[in-house]
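Residue numbers (full-length UniProt numbering): 1 to 181.
Note that beta-carbon positions come from the ideal geometry of N, C-alpha and C, so glycine has one too.
Here the structure is laid out as structure tokens; the discussion comes afterwards.
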């Protein structure tokens with residue numbers, strides 16, 4: 001039987017508005033002690049699979065400094081659960097990054113890196129997304145909005161043009177759960 005580890009002590013060893021690192025003292029089920037297990041305390045994330053009335057999927061293309069690459073992915077971003085719901089965050093992020101809006105429906109909750117990160121990815125879908133305004137980008141964002149057909153999306157996924165893990169999993173789940181061919 002699989003058992004949870006016991007956390008005996010925790011301390012934040014690095015605390016910045018964009019990143020927190022926690023050091024845990026844990027006891028494994030066999031009694032062994034690990035005194036320096038590090039965990040990234042990360043903000044919650046929303047990702048949105050938006051499909052327009054013309055059956056085009058809304059994607060974003062932008063530079064991601066962590067990987068050093070220009071990547072294509074589903075729109076999304078971080079949010080604070082104390083100030084907004086994941087549904088509100090999904091709609092906000094979709095509108096900010098793409099200028100699109102619509103009625104959001106929950107598709108799934110994913111865990112990106114359960115070994116070292118605390119956050120979850122909340123995946124939402126929007127059918128019949130409509131262009132409701134301009135992008136409202138953060139100062140570090142330069143985003144190109146792409147509109148692709150379902151077939152183009154599938155090709156991009158299977159050929160590795162979309163390689164951000166949350167976007168790959170999110171797109172595949174959305175296609176299935178929203179019954180999109």
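Determine the extent of the alpha helix (DSSP H) in which residue i is found, giving its start and end residues.
i: residue 122; result: No alpha helix (DSSP H) holds residue 122; the beta strand (DSSP E) holding it covers 121 to 131.
i: residue 69; result: Premise fails: residue 69 lies in the beta strand (DSSP E), 69 to 73, not in any alpha helix (DSSP H).
i: residue 88; result: 86 to 98
How far does the beta strand (DSSP E) with residue i in it reach, from first residue to last?
i: residue 162; result: Segment: none, residue 162 is in no beta strand (DSSP E) and carries neither H nor E.
i: residue 110; result: 104 to 110
i: residue 76; result: 76 to 79
Could you please give me the residues that DSSP links to residue i through a beta bridge?
i: residue 117; result: 40
i: residue 146; result: 59
i: residue 14; result: 21
i: residue 27; result: 6 and 33
i: residue 158; result: None; residue 158 has no bridge partner.
i: residue 50; result: 58 and 126
Verify whether the separation of the beta carbon atoms of residue i and residue j is less than 9 Å.
i: residue 46; j: residue 66; result: no
i: residue 56; j: residue 167; result: no
i: residue 143; j: residue 61; result: yes
i: residue 126; j: residue 102; result: yes
i: residue 10; j: residue 20; result: no
i: residue 162; j: residue 69; result: no
i: residue 147; j: residue 175; result: no
i: residue 88; j: residue 135; result: no
i: residue 105; j: residue 173; result: no
i: residue 91; j: residue 164; result: no
i: residue 41; j: residue 118; result: yes
Would residue i be called buried (16 or more neighbouring beta carbons within 10 Å of its own) or exposed?
i: residue 158; result: exposed
i: residue 1; result: exposed
i: residue 95; result: buried
i: residue 34; result: exposed
i: residue 7; result: exposed
i: residue 16; result: exposed
i: residue 184; result: The structure shown does not extend to residue 184, since the chain spans only 1 to 181, so no value can be given for it.
i: residue 100; result: buried
i: residue 82; result: exposed
i: residue 123; result: buried
i: residue 151; result: exposed
i: residue 93; result: buried
So, under 8 Å CB-CB, residue i and residue j are touching, yes? Tell me the CB distance rounded to an integer number of Å.
i: residue 116; j: residue 39; result: 6 Å
i: residue 49; j: residue 107; result: 7 Å
i: residue 51; j: residue 129; result: 6 Å
i: residue 79; j: residue 114; result: Actually they do not touch by this definition, with Cβ atoms about 20 Å apart.
Do we get a CB-CB distance below 9 Å when we pair residue i with the residues of chain D?
i: residue 130; result: Looking for chain D here will not work: only one protein chain is present.
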